[in-house]
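In UniProt numbering, the protein residues as written are 1 to 294. Glycine is no exception: its CB is placed at the ideal position from the N, C-alpha and C atoms.
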Ligand code: PMP
């Protein structure tokens, strides 16, 4: 996989090997990351992804060694290095090297690495999902307000549960039994023309794509509701879709064994997203085709 990596002031084209057995991040998972994308030169909401990386680091008690602005500059440089045609995953990470004891990661040893690598957009084909018995932890059970690596094994357990039962994606609820999100993207459903997504209660990520789609749908005159969602409501949904940085907007075409169409609101959300993205300045412009001299 082609990629570029920035670590300790240098660019690499091979993954730098940076962790050892004494690193707290490796031992006990003191890691945060963010995930942005570059799509043919555009990097939608890159500034917000960089700002969230800093916020996540603070939630974890880290001392980030670079600012959000510097992360953004580095991401933009990496995107230029990979070229205007590239479609990339852009992943800044902060991690802690040393512990003052197992339960006391040393904030002064916060380190940073940025990875950018080829990651084609998923097909617009539809995925199947199931409600799983796995829940997002409450705010006093885990650092739920951070995009922390330690939150992901629970999502992986939920996904494995769904995959064993023939679906591709897991739906997770919150501790109150309301619908929270998919294991790694936000959840939406449509009923009678209204686009509904669980209201933020800090137990799941208030996705940057989610926030962008809320705004775009509302501006296009489609009613949007952010509220508590009961599991029964998904059983009766007209459409279900996900939003997240990786796949942007993706249709769910089977939920708990019931087939669903790729409906008009889902398609509209995707079209609005990409139209908005293309209205933004590109980080890197495509090279004009070279016209051979006559
Ligand atoms: N929830 C989880 C658990 C995620 O990992 C992601 C992907 N970052 C999302 C939601 C969607 O967030 P965003 O739109 O900011 O990528």
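One or two residues paired with residue 90 in a DSSP bridge | Residue 90 is bridged to 36, 116.
Going straight from the alpha carbon of residue 238 to that of residue 263, what length do you get?
-> C-alpha separation (whole angstroms): 8 Å.
Is any heavy atom in the ligand PMP found nearer than 7 Å to the beta carbon of residue 173?
-> No - the ligand PMP has no heavy atom lying nearer than 7 Å to the Cβ of residue 173.
With 16 other CB atoms within 10 Å as the buried threshold, where does residue 235 fall?
-> Looking at its Cβ environment, which holds fewer than 16 other Cβ atoms inside 10 Å, residue 235 is exposed.
In whole angstroms, what is the alpha-carbon distance linking residue 223 and residue 252?
-> Using only the alpha carbons, I get a separation of about 20 Å.
Evaluate residue 250 with the Cβ neighbour count: other Cβ atoms within 10 Å of its Cβ, from every protein chain shown; 16 or more gives buried, anything less gives exposed.
-> Classification of residue 250: buried, given that the 10 Å Cβ count is 16 or more.
Span of the beta strand (DSSP E), counted from its first residue to its last, around residue 186 | Where residue 186 is concerned, the enclosing beta strand (DSSP E) stretches over 186-191.
Going straight from the alpha carbon of residue 154 to that of residue 291, what length do you get?
-> Across the structure, residue 154 and residue 291 are spaced so that their CA atoms are roughly 54 Å apart.
Continuous alpha helix (DSSP H) stretch holding residue 22: start and end | No alpha helix (DSSP H) holds residue 22; DSSP gives it neither H nor E.
Inter-residue Cα distance where the pair is residue 164 and residue 132 = Using only the alpha carbons, I get a separation of about 11 Å.
Specify the secondary structure class of residue 236 as computed by DSSP and reduced to three states.
-> Residue state for residue 236 is assigned as coil, using DSSP reduced to three classes.
Verify the contact flag: residue 91, CB atom, against every heavy atom of the ligand PMP, threshold strictly below 7 Å.
-> Because no heavy atom of the ligand PMP lies under 7 Å away, the Cβ of residue 91 does not count as near it: no.
DSSP bridge partner residues for residue 244 (one or two, in chain order) = For residue 244, which the question treats as bridged, DSSP gives the partners 248.
Beta-carbon contacts of residue 318 that lie in its chain and below 8 Å, excluding the five residues immediately before and after | No answer is possible for residue 318: the residues shown for the chain start at 1 and end at 294.
My understanding is that residue 112 touches residue 31, with C-beta atoms under 8 Å, so please give their C-beta distance in whole angstroms.
-> That pair is no contact at about 11 Å.
Could you check where the alpha helix (DSSP H) with residue 134 kicks off and where it finishes?
-> That residue, residue 134, is in no alpha helix (DSSP H); its beta strand (DSSP E) goes 127-135.
Beta-carbon contacts of residue 135 that lie in its chain and below 7 Å, excluding the five residues immediately before and after = Taken in chain order, the residues that qualify are 172, 173, 174, 175.
State yes or no: is the C-beta of residue 186 nearer than 7 Å to some heavy atom of the ligand PMP?
-> Correct: residue 186 has its Cβ closer than 7 Å to the ligand PMP.
Does DSSP classify residue 110 as helix, strand or coil?
-> In the three-state scheme derived from DSSP, where H, G and I count as helix and E and B as strand, residue 110 is classed as strand.
Coarse secondary structure for residue 54, derived from DSSP in three states | Residue 54: helix per DSSP, three-state reduction.
Determine the closest residue to residue 245 out of 193, 120, 60, 167, with distance taken between C-alpha atoms.
-> Comparing Cα positions, the closest option is 120.
In three-state terms, what does DSSP make of residue 259?
-> Three-state DSSP puts residue 259 in a strand.
Rounded to a whole number of angstroms, what is the C-alpha to C-alpha distance between residue 183 and residue 100?
-> Their Cα atoms are separated by approximately 33 Å.
If you run the structure through DSSP and keep just helix, strand and coil, what is residue 160?
-> Of the three classes helix, strand and coil, the one that applies to residue 160 here is helix, per DSSP.
Hey, out of 71, 55, 6, whose CA is closest to residue 143's CA?
-> Measuring C-alpha to C-alpha distances from residue 143 to each of 71, 55, 6 identifies 55 as the nearest.
Opening and closing residue of the alpha helix (DSSP H) in which residue 6 lies = First-last for residue 6: 3-7, but that is the beta strand (DSSP E), not the alpha helix (DSSP H).
What do you reckon, are the CB atoms on residue 180 and residue 170 nearer than 8 Å?
-> Result no, Cβ atoms of residue 180 and residue 170 do not sit closer than 8 Å.
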